[in-house]
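The letter at position 358 of the sequence shown is residue 358 when you use this note's numbering, and the numbering goes up by one with no holes.
Beta carbons: idealized from backbone N, C-alpha and C, even for Gly.
Quantities reported herein were computed from a predicted structural model and do not represent experimental measurements.
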Amino acid sequence: MQQSEILLVGLGATFGVALGLQFWLQRNKSAPPLPISPKSHPFIGNLLSMPQGNEHIGFMELGKQLNANMFSLEVLGTVIVVLNSYEDAINLFEKRGGIYSDRAVPPMISEPSLFYWPEFIGALGYNERWQKNRRLIHPWLHKKAAETFHDSQQEQARLLLQRLLVHNGNVDSEWLYGEFFLTLAGTLMRSIYGYKLENMQDPFVIEAQKAVDRISQAAMPTNFLVNLFPSLVYVPEWFPGAGWKRTAREWREQHRKVVREAFEWTKKRIAAGNHDPCLIASLLPHAEQLGLKPEEADDYVSHIAMTLFGGGSKRGLASWILANDTSIQGGTETTANVFIVFVLAMIFHPEAQERAQKEIDNLTSGDRLPTMEDRDQLPYTNRLIREVLRWRPVVPTGIPHACFQDDVYQGYTIPKGTMV
């Protein structure tokens, strides 16, 4: 590590320790204790207990060691509560959802001088913008509304099958993932923007995916020290070792540009009257009906569109594409991973593939491909898809929530601002 980086870490650690000490001193001593936690260390708290690899596995193992389905971690003044049981998740996120609907957003995404993408739905806290987004998008993500986009989904599925038929031999997983990604990107681009994607060299999809990849990188604590030591946000860009601030600025400019240009392409076609059916064309008049001014409607709809393309909500679009359910499960990259998991499941369980194939053949007599209209007549295939989503969830930890106010659950305190 270079001397300038050591200096930055030292500055950040100093502020982090100060914040942690302040949190400890200000805690209400009469309140119930935090949930059980692993061994804490001076200054750094439970930092050494944080999983280094697969978080969901690390948290499960830590819960087993503590013999608890709910436990807490304190890291440099931040309290984290981990829920390892379905019952606890339902009790807090649904039954007490009114105070657990906020988001714990890292500084790289929330600070205006850094990457700063507060409009990205996955980074929205429970505020006025979140509420307007929900009212705006909710009518278009249920089963009936999704039927509007069946044609583009079926078209891309047919194109995928044609490309797969060309390769009769063995293929590696990277090639297969690329084909799945192209199919899903094409489906979403057509459904959201009315844009026909020909290949993955298309500049639009390259820039869009670059922006989405970068928000994932910006959210990782280990990628940018400012996410661990928020006080580093005040370090000037010219300071030795602060090259990450220039990176953040360049990334911010890039994602602002692609969100604007992608939206404007569709909006111009709508104005000219030669657009294909797409989500943006439906959202804009709906935004006006909700009372949003034209500039405000453009802002909301442009960011919703990019979020849905990239899967900013970790619940994304997999079941919109796969199951046409009322929930949402993943965006382009997340859903491509679901398809890879499906292939893996069929390799491990050929009897399930055989049974699903038989059900489809019995319905179509082997004379045609199944369509969306056949879904209700394929109960086993539907259940198979849902089982794959359950078997190997591609986002097992979900997006962390944050608590709006102090709460007490099962005799334990969950302080305001806790990441859950």
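Spatial distance of Asp367 from Lys358 (CA atoms):
Going by the C-alpha atoms only, they are around 13 Å apart.
Which first and last residues belong to the beta strand (DSSP E) in which Val171 is found?
No beta strand (DSSP E) holds Val171; DSSP gives it neither H nor E.
Enclosing beta strand (DSSP E) for Glu74 [first to last residue]
For Glu74, the enclosing beta strand (DSSP E) stretches over residues Met70 to Val75.
Pull up the distance between the alpha-carbon of Ser152 and that of Phe181, whole angstroms please.
Roughly 15 Å separates the two Cα atoms.
Given 8 Å, three or more beta-carbon pairs between the region 114 to 124 and the region 250 to 262
Judged by Cβ distances under 8 Å, the region 114 to 124 makes contact with the region 250 to 262, as three or more pairs qualify.
Could you give the first and the last residue of the continuous beta strand (DSSP E) run that contains Val394?
Val394 -> no beta strand (DSSP E), and no H or E assigned at all.
Reduced DSSP category for Thr371 - H, G, I as helix; E, B as strand; rest coil
Looking at Thr371 - three-state DSSP - the assignment turns out to be coil, as it is neither helix nor strand.
Hey, is Asp406 close to the ligand GDP, as in C-beta under 8 Å from one of its heavy atoms?
The ligand GDP is absent from the structure shown, which contains no ligand whatsoever.
What did DSSP end up calling Met189 once you bin it into helix, strand or coil?
Helix at Met189.
Write down the C-beta distance between Ala185 and Val205 rounded to the nearest angstrom, noting that I regard them as a contact closer than 8 Å.
Contact between Ala185 and Val205 holds: their C-beta atoms lie close to 5 Å from each other, under 8 Å.
Output yes or no for whether 9 Å exceeds the beta carbon distance between Tyr300 and Met70.
Contact: no.
With DSSP run on the structure shown, which of helix, strand or coil describes Ala352?
Ala352: helix per DSSP, three-state reduction.
What does the alpha-carbon distance come out to for the pair Lys268 and Val259?
For Lys268 and Val259, the distance between alpha carbons rounds to 14 Å.
Are the CB atoms of Phe93 and His286 within a distance shorter than 9 Å?
Taking 9 Å as the Cβ cut-off, His286 and Phe93 do not qualify as a contacting pair.
Val388 beta carbon less than 9 Å from that of Val341
With respect to the 9 Å criterion, Val341 and Val388 are classified as neighbours on the basis of their beta carbons.
Inter-residue spacing [alpha-carbon to alpha-carbon] between Thr381 and Ala356:
Thr381 and Ala356: Cα-Cα distance of roughly 5 Å.
Just the Cα atoms here: how many angstroms apart are Val420 and Cys403?
Between the C-alpha atoms of Val420 and Cys403 there is a straight-line separation of about 7 Å.
Could you tell me the boundaries of the alpha helix (DSSP H) in which Thr266 lies?
Thr266 -> alpha helix (DSSP H) spans Gly243 to Ala272.
When we look at the beta-carbon of Tyr100 and count the other beta-carbons within 10 Å, is it buried (16 or more) or exposed?
So Tyr100 ends up on the buried side.
On the three-state DSSP scale, how would you describe Ile340?
Three-state DSSP puts Ile340 in a helix.
Can you tell which of Glu128, Asp406 and Arg190 has the C-alpha that lies nearest to the C-alpha of Glu296?
Nearest in C-alpha terms to Glu296, of all of Glu128, Asp406 and Arg190, is Glu128.
Are Ile270 and Leu292 closer than 9 Å when you measure CB to CB?
No, Cβ-Cβ distance for Ile270 and Leu292 is not below 9 Å.
Using a Cβ-Cβ cutoff of less than 6 Å, which residues in the same chain neighbour Ala89 once the five nearest sequence positions on both sides are dropped?
Leu83, listed in sequence order.
Report yes if the C-beta distance between Ala211 and Phe263 is below 9 Å; otherwise report no.
The answer is no: Cβ separation not under 9 Å.
Would you kindly work out how many angstroms separate the C-alpha atoms of Val226 and Pro112, rounded to a whole number?
Going from the Cα of Val226 to the Cα of Pro112 covers about 13 Å.
Proximal residues to His150 (C-beta, below 7 Å), its chain only, five neighbours per side dropped
Correct list, in chain order: Met372.
Alpha carbon to alpha carbon, how far is Asn91 from Phe229? Give it in angstroms, no decimals.
Those two C-alpha atoms are separated by around 32 Å.
Using DSSP's beta-bridge definition, name the partner residues of Val81.
Here Val81 is bridged, per DSSP, to Ser72.
Could you name the residues of the same chain whose beta carbon sits closer than 7 Å to that of Tyr412, not counting the 5 residues immediately before and after it, in chain order?
Hits under 7 Å: Pro32, Pro33, Leu34 and Pro35.
What does DSSP give as the partner residues of His41 in its beta bridges?
His41 has Gly45 as its beta-bridge partners, per DSSP.
Take Gly58 and list the residues in its own chain whose beta-carbon comes closer than 6 Å to its own, dropping the five residues that flank it on each side.
If you ignore the 5 residues before and after Gly58, its C-beta comes within less than 6 Å of the C-beta of Pro51, all in its own chain and listed in chain order.
Any beta carbon of chain B sitting closer than 9 Å to that of Leu62?
This model lacks chain B altogether; it includes just one protein chain.
Counting along the chain, where does the alpha helix (DSSP H) carrying Tyr300 start and finish?
Where Tyr300 is concerned, the enclosing alpha helix (DSSP H) stretches over Pro294 to Gly310.
Within 9 Å, strictly: CB atoms of Tyr421 and Ala345
No answer is possible for residue 421: it lies beyond the span of the chain, which begins at 1 and ends at 420.
Supposed contact pair Val235 and Pro107 - C-beta distance, whole angstroms, cut 8 Å:
Actually they are not in contact, since the Cβ atoms of Pro107 and Val235 sit about 12 Å apart, beyond 8 Å.
Measure from the alpha carbon of Ala248 to the alpha carbon of each residue in Phe224, Glu261 and Thr266, then state which is nearest.
Taking only the C-alpha atoms, the option nearest Ala248 is Phe224.
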